[in-house]
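Accompanying notes for the structure given below.
There are 6 protein chains.
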Amino acid sequence: MALSDLTLAECWAYRPDLVVPEDLDAFWERTLRVDAPVEATYEPVDTGLTQIRTWSVTVAGYGGEQVHGWLHLPTNATGPLPCVVEYLGYGRGRGLPHEKLFWASAGFAHLIMDSRGQGWSAAPGDTADPHRYPAGTVPGFLTRGVTSPEDFYYRRLITDAVRFAQAAREHPAVDPDRVVVTGISQGGGLSLAVAALSPGVAAAMPDVPFLCDFPRAVQVAGQGPYGEVAEYLALYRGQSSQVFRTLSYVDAAVLAPGATAPALFSIAMMDATCPPSTCFAAYHRYGGDKEVRVYEFNDHEGGEAHHQLEQLAWLHKLFGR
Amino acid sequence: MALSDLTLAECWAYRPDLVVPEDLDAFWERTLRVDAPVEATYEPVDTGLTQIRTWSVTVAGYGGEQVHGWLHLPTNATGPLPCVVEYLGYGRGRGLPHEKLFWASAGFAHLIMDSRGQGWSAAPGDTADPHRYPAGTVPGFLTRGVTSPEDFYYRRLITDAVRFAQAAREHPAVDPDRVVVTGISQGGGLSLAVAALSPGVAAAMPDVPFLCDFPRAVQVAGQGPYGEVAEYLALYRGQSSQVFRTLSYVDAAVLAPGATAPALFSIAMMDATCPPSTCFAAYHRYGGDKEVRVYEFNDHEGGEAHHQLEQLAWLHKLFGR
Amino acid sequence: MALSDLTLAECWAYRPDLVVPEDLDAFWERTLRVDAPVEATYEPVDTGLTQIRTWSVTVAGYGGEQVHGWLHLPTNATGPLPCVVEYLGYGRGRGLPHEKLFWASAGFAHLIMDSRGQGWSAAPGDTADPHRYPAGTVPGFLTRGVTSPEDFYYRRLITDAVRFAQAAREHPAVDPDRVVVTGISQGGGLSLAVAALSPGVAAAMPDVPFLCDFPRAVQVAGQGPYGEVAEYLALYRGQSSQVFRTLSYVDAAVLAPGATAPALFSIAMMDATCPPSTCFAAYHRYGGDKEVRVYEFNDHEGGEAHHQLEQLAWLHKLFGR
Amino acid sequence: MALSDLTLAECWAYRPDLVVPEDLDAFWERTLRVDAPVEATYEPVDTGLTQIRTWSVTVAGYGGEQVHGWLHLPTNATGPLPCVVEYLGYGRGRGLPHEKLFWASAGFAHLIMDSRGQGWSAAPGDTADPHRYPAGTVPGFLTRGVTSPEDFYYRRLITDAVRFAQAAREHPAVDPDRVVVTGISQGGGLSLAVAALSPGVAAAMPDVPFLCDFPRAVQVAGQGPYGEVAEYLALYRGQSSQVFRTLSYVDAAVLAPGATAPALFSIAMMDATCPPSTCFAAYHRYGGDKEVRVYEFNDHEGGEAHHQLEQLAWLHKLFGR
Amino acid sequence: MALSDLTLAECWAYRPDLVVPEDLDAFWERTLRVDAPVEATYEPVDTGLTQIRTWSVTVAGYGGEQVHGWLHLPTNATGPLPCVVEYLGYGRGRGLPHEKLFWASAGFAHLIMDSRGQGWSAAPGDTADPHRYPAGTVPGFLTRGVTSPEDFYYRRLITDAVRFAQAAREHPAVDPDRVVVTGISQGGGLSLAVAALSPGVAAAMPDVPFLCDFPRAVQVAGQGPYGEVAEYLALYRGQSSQVFRTLSYVDAAVLAPGATAPALFSIAMMDATCPPSTCFAAYHRYGGDKEVRVYEFNDHEGGEAHHQLEQLAWLHKLFGR
Amino acid sequence: MALSDLTLAECWAYRPDLVVPEDLDAFWERTLRVDAPVEATYEPVDTGLTQIRTWSVTVAGYGGEQVHGWLHLPTNATGPLPCVVEYLGYGRGRGLPHEKLFWASAGFAHLIMDSRGQGWSAAPGDTADPHRYPAGTVPGFLTRGVTSPEDFYYRRLITDAVRFAQAAREHPAVDPDRVVVTGISQGGGLSLAVAALSPGVAAAMPDVPFLCDFPRAVQVAGQGPYGEVAEYLALYRGQSSQVFRTLSYVDAAVLAPGATAPALFSIAMMDATCPPSTCFAAYHRYGGDKEVRVYEFNDHEGGEAHHQLEQLAWLHKLFGR
């Protein structure tokens, strides 16, 4: 393992000129302005666990389509709880209900959102993406509808994410002023987007975020899903400006200035999937108070269990324990 | 490169017990019984070529959905022509109109079918698959809807293929008694399925066919798309019998006994993508007269340009030159 | 991914003639006959978790040397609890205290043993192996002292494991009649060894066990730590019989007939690290009642979260819920 | 896939100081000054094609040695035709006569030159290189005789290429004022050399050209035949200046200023075989009018079928359609 | 590392039916019947060594062409010495004169033959192969002229080897009754061929021999030069019987019954370059007394320095120390 | 193969600011100040060689622990000889006694030191490292005790090396004023350390030295043992400054200014294991007269046999032949 992107000093200095679409705000306002409620339903699940109670969640996401998830609450908890809303890494579905026990074990409400259409290799998913599958999609999600911001997959996924954050704030066991969004990789990118588009969020904790600074990421990332864009453009020669225009609408580094909540980032310097420079691009542009934990010798796994403790301590400090 | 499957002698002796669903015929009859015409339309294309004239084709495929393709005719050809209907390898779209010039240069009508939703890495595609994208699909097409024969992607693709063969027979420049189906890999598997399901086809020329003998293929194939099924079952543990039941409806080795047209197969002994034993399973069960060219030292590329000449000679003999 | 070992049918029939050292029982009696108590100490740890209480454990292991671990108890639990004693996979240390929350969340006491000297790549460790490092050791543990059963690393590790099981039985919160040993890979091999050498264990749940049927494993395993033995013998030519003799003393398939507790195995058919035939060798020879869950399309990850539920259900049935 | 060479902006600015041997012109004048005619012979071939007529060609190449090729003419063509002379990529032989049908299908004469001694992996060859095989050659052609410009393989191959261009101009069906040289990779380097050394050529269309800017290419290319030089110098330490001196005589970037015909280049920015900076070195130094199509997300495959259309349009514009 | 060929028990039983060409003896008699002397010349070399004296050797090889080598004699040796004639592994040239010091340090004359045309990657060479380079040769030597026994490269190399053994017997410092041939891989195959074709040799010591049992080797070898034949036949489809006929003339397993001198083989069971079954094919058919050292856990490196001591002890026993 | 570090021009300019621990001299003085003699013993070995006599050596190394080696003397040598003390590359043990014959064949005494605990893959070892094995060590030696300079493995290994150089000077057959230290990779790093810490050494010949400029090496090296440090820090997050502090005590580039003997370096520009910039860091800081041979196209193998001749010539010049 070795550095494959900028050094740490270069990352601190890296400030790319990202193109912000003129109608960015209008695009998202139009997409998110929905009077319909999130229609969250909660079905109890028997996981066999005694210390944590779990519900299968359904929320009306983009287009009113059903998006699933899990809600964990600590057994015997009383009073409104702070809530961690977690978005998942690329490819991962919500998995089995007993897979992620940290936040509820620590006394938090924990809401996990399934990523529509995803759910292979790492964890099963349960949410379909009921939209036509365009020709030319590179297997995966990063080029699904990439020729138009309207049809692009990530428009739908970000909308789902905003609505899950809203569902969390409306849940009776949750304190609506202490809803935090977090996630690793794709989940980190979604956290940033929600922090920018959803004013009621109390904090964001994006880890090794994906979906940042596409123009550089597609040229630099030596592995992982950014390569889907390169593979697409290798075949569909001449669509480059159209594709990067679409991507700019969902680019978390483009959206980041709109955020105001405090944020704790983590970035890994030997990350070949989400190159550190692209994560720093989002960090530098982030609109709220911010801190970053840099993991100098890690690849895309980042801070793992070590960073969970950083997050827990940071939240305890933010909210008062 | 080395053998990674059975030896040639073992392949000649390999006769697997494939499970044939009781309602196989009913399933396909129900699927294909459509009174609606194929509604083929032909739009001329300016390719810049002088020796071949080309049309962009649209056919009403499964569910009446538009499926595209190309039709090439030799310039100055007169009278009804024999026609080669070609289905494409996995991942490939119909490409640019001037990419495949062999059959028209040899005096044949040549009809190429786009594979719905496909079209990456090797050649662009233009045909969407306007169906919901279920959760849990391994990127690619082999597990899209694999939990049910009704929803499975290959049900739709095989139906498209049958209807393209029918469109060929109805084209005024084509001699309906000399319509041949062919293709490499996925195209080979589709050729076998069409030969089995579409009585009017005059001959089939499947090359290193995919979609054959799934139960063995999924365990043996060291690379390529069969691995999508293994990856799916690795995560969705316990769905094995359900998945293999779905696959049996589109397994070209299961369908092969229903074919009656003469066939020229090609099989490669060092093929790690479509293991030779699985191709021989289809060959042995094929219902019509048959020959096979075995390429002992080739991987999945098979006979390439060399085999094109074998096919041309075989067709000239079959039809009289 | 593809099969790289025997098929499932062949595995059911595979019964190797394993050489059992004449003094096997005497060797282990001599090794384990220690009058000294296990001297377990328990130091509370502040993990930040509210639903689970955790202690850092120290047990006097082989040679009275301090071996560390974690003990998790469900908060508010009362009365003696069933206890799951977990041994770790190769290379992994006990990690951070909040990494494994499943069993305590499910109402069990959960005792995790650090593996002496290990703790890299996947999870940190805290236990030294205070013994001389012989020349010629292939980096790793599988050849450390392999020229003599007395000096071999796994003699020490198995002894540690036996003493952790004993410590569990002696803990005041634990019901000594419901102590279960489990683990994945190396942890699975250790579970088998403890079940064979430690009569008070109530059940064993070995997953994709390592340390089984060395003579075959070293020839067949295409990846993973068995290769350390092959690498050693490639350089130290002529030590083959001496090395396999040492290995036979710690071979879980050799020890397995001595077990009497009921067992739930898991075995993965595409496991290239711990080939399924070698796991079946242990299964077939296992002395107690036994069941096995076979994962046909998994590599060494085996059943993962899916299998945790199988284990929980099996334990609930065994102990009555 | 990612950038592994300079960025596009850096490539536009990259102007290496290439060492031009003092006797470069004399060397090539001496090599090419042959009064003997090219002695082209044309033997008709029955390819089975109806739209294209094909001849097997033999030309007296370097040393009067027989070099083979194919000539394709569109059936029924009348009057002198523009002619595309194509040189082949490294390793490829002329192949079977029906493999390359684009230019003749488009109404051009198409002359393909076999590369002496080559013809493996991609397409068979038929032309021997009847010269002694020196000790120390790294398998392949890039170090065959590399210790002396006189004996170097590429001196012979470039000479063959010049004489094929001359043969095209002398063919009765060809318009001598509309002979174009082209080729991919090695064929692109040969096109540049012929454009520089053969004044009668009407245009050059080099694609992702090989044989350019050896001093940088040997240090930067991560894959492909430039590595043969590195491998040679790794063993024959101390021959570095001698070897690079030889290479400078056939370096297409060194020769490029001598060209006067208009040229259409293609360069791929993620090309790890022929790094884009080395292609730009030739482009910047090229003596005639020039354009370049840059493929930003392609590896060494470059523009493929997409670029064929660019070339056809460019030629139609150049020659008037 | 793992077994990739037959097990040891299977190798002991493996007796392939190799096709022996009817005119095999006549072919070699015609090839080797040369009245001309070997014309060995010996030029002293200043290596800087004090304990060993070295000469650069030239012998008239096949066609009277000059083949080089080294002769080492122990300083201060007196009286006729036993001589080890060593042939080199594939790709390796004679190297620098001080690279191989074992046999002369042990008191033997040591004659090393350069392999014509070879000399890359591992050690430089100095001997050209002054023959035309046919089209279609896969880079390397295994298909150079493979369409005809007369033109095949290995006909020339074996002839060189026979003549070097003769030169050794004629050298004044050498005892002609104690000339031994040896070599690793290609050198092992040549040792077997010389033992079969050159009656005066006192012993043969082939190590992990190449050039044995081509029909199986080409199908089974997962790496190394046998793959050149597979690659050739993958492109030149239909030449299979012609090529294997040529190979049978130089197949060391075909020639082995003709040998009468005692032999010490070494074979490695995890050898993926020269699969053990193919070496055993030669061993079983070898005509003289024979022993074999089997290295069960080695790949193609075989016994290395360990086996040198086995050879030294075996020679001391054979010749009396 | 391609450059993966700085270019040669950049390497000549590269002068890193290395942190020198304040107590560096005190640390080494304390470590090395031992009044006890080296207690070298020499046991004759029967290698079967006639030109070289060999002894198995034992020296009291760090902590008085027995460290083994070989001593070779040219047979019949008289008078005090110059002596080459060789330290070994990472992982390699002293091997069999007849493996390294060059220096004794050239008339030098040759003392080879076993590396404690090492001896796998390339050559067996015979020296144990009788120290506790701390938890968390990445397999290998680079992180063994890396949390403290006192406990770090390389403190012990460097001490052994200093004492072997002293043993050489005390041997009756050796001229104490002509003792040279050398070695490849790890052996090169040890040579530099000994030259800096052991005043009586006459010259140093470090080849592609390891253990140089750790802060850069750990970030840049794409393969090899520097990666152990990166892997350690990836898991033990937050120990970075502590670990690099320990490494600075044994960093050969940190120690190099203390050397006064003349030195001949070799550095390879395509070395991905010991990146050339890190070797140049040591070269630039080296305190004595110095020369360097740069191998521009070699990876970590460096100059090999070619460089042995450079070394021999350099020593002959230094000492007078």
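Chains as they are written, first to last, in the UniProt record's numbering: chain A, 1 to 321; chain Z, 1 to 321; chain H, 1 to 321; chain W, 1 to 321; chain X, 1 to 321; chain P, 1 to 321.
We put the CB at the ideal spot given by N, CA and C, even for glycine.
Give me whichever residues DSSP pairs with residue i in a beta bridge.
i, result
"Trp70 of chain P", "P:Ser56 and P:Ile112"
"Met205 of chain A", "A:Thr182"
"Ser266 of chain A", "A:Asp207 and A:Arg293"
"Cys83 of chain A", "A:Ala109 and A:Val179"
"Pro44 of chain H", "H:Trp55"
"Val174 of chain W", "W:Leu81"
Classify residue i as buried or exposed, calling it buried when 16 or more other Cβ atoms lie within 10 Å of its own Cβ.
i, result
"Val162 of chain P", "buried"
"Asp271 of chain P", "buried"
"Glu231 of chain H", "buried"
"Asn76 of chain Z", "exposed"
"Pro276 of chain W", "buried"
"Lys100 of chain A", "buried"
Output, in chain order, the set of chain H residues within a Cβ distance shorter than 8 Å of residue i.
i, result
"His131 of chain P", "Arg132 and Tyr133"
Using DSSP with H/G/I as helix, E/B as strand and the rest coil, what is residue i?
i, result
"Cys11 of chain H", "helix"
"Pro257 of chain W", "helix"
"Thr278 of chain H", "helix"
"Tyr154 of chain P", "helix"
"Asp129 of chain W", "strand"
"His307 of chain H", "helix"
Name the chain A residues whose beta carbon is nearer than 8 Å to that of residue i?
i, result
"Thr50 of chain H", "Pro74, Ser105, Ala106 and Gly107"
Which residues in chain H have a C-beta closer than 7 Å to the C-beta of residue i? List them in chain order.
i, result
"Gln219 of chain Z", "Ala2 and Leu3"
Mind listing the chain X neighbours of residue i? Cutoff is C-beta to C-beta under 7 Å, in chain order.
i, result
"Gly95 of chain P", "Ala305"
"Ser121 of chain W", "Glu231 and Leu235"
Below 8 Å on the Cβ atoms is my guess for residue i versus residue j; work out the distance and round it to an integer in Å.
i, j, result
"Leu192 of chain P", "Pro206 of chain P", "5 Å"
"His72 of chain W", "His131 of chain W", "About 30 Å; that fails the 8 Å criterion."
"Glu86 of chain Z", "Thr182 of chain Z", "6 Å"
"Val38 of chain P", "Ala167 of chain P", "5 Å"
Along chain P, in chain order, which residues have C-beta atoms closer than 7 Å to that of residue i?
i, result
"Ser240 of chain W", "Glu296"
"Thr147 of chain H", "The contacting residues do not exist; Thr147 of chain H stays about 12 Å from chain P at best."
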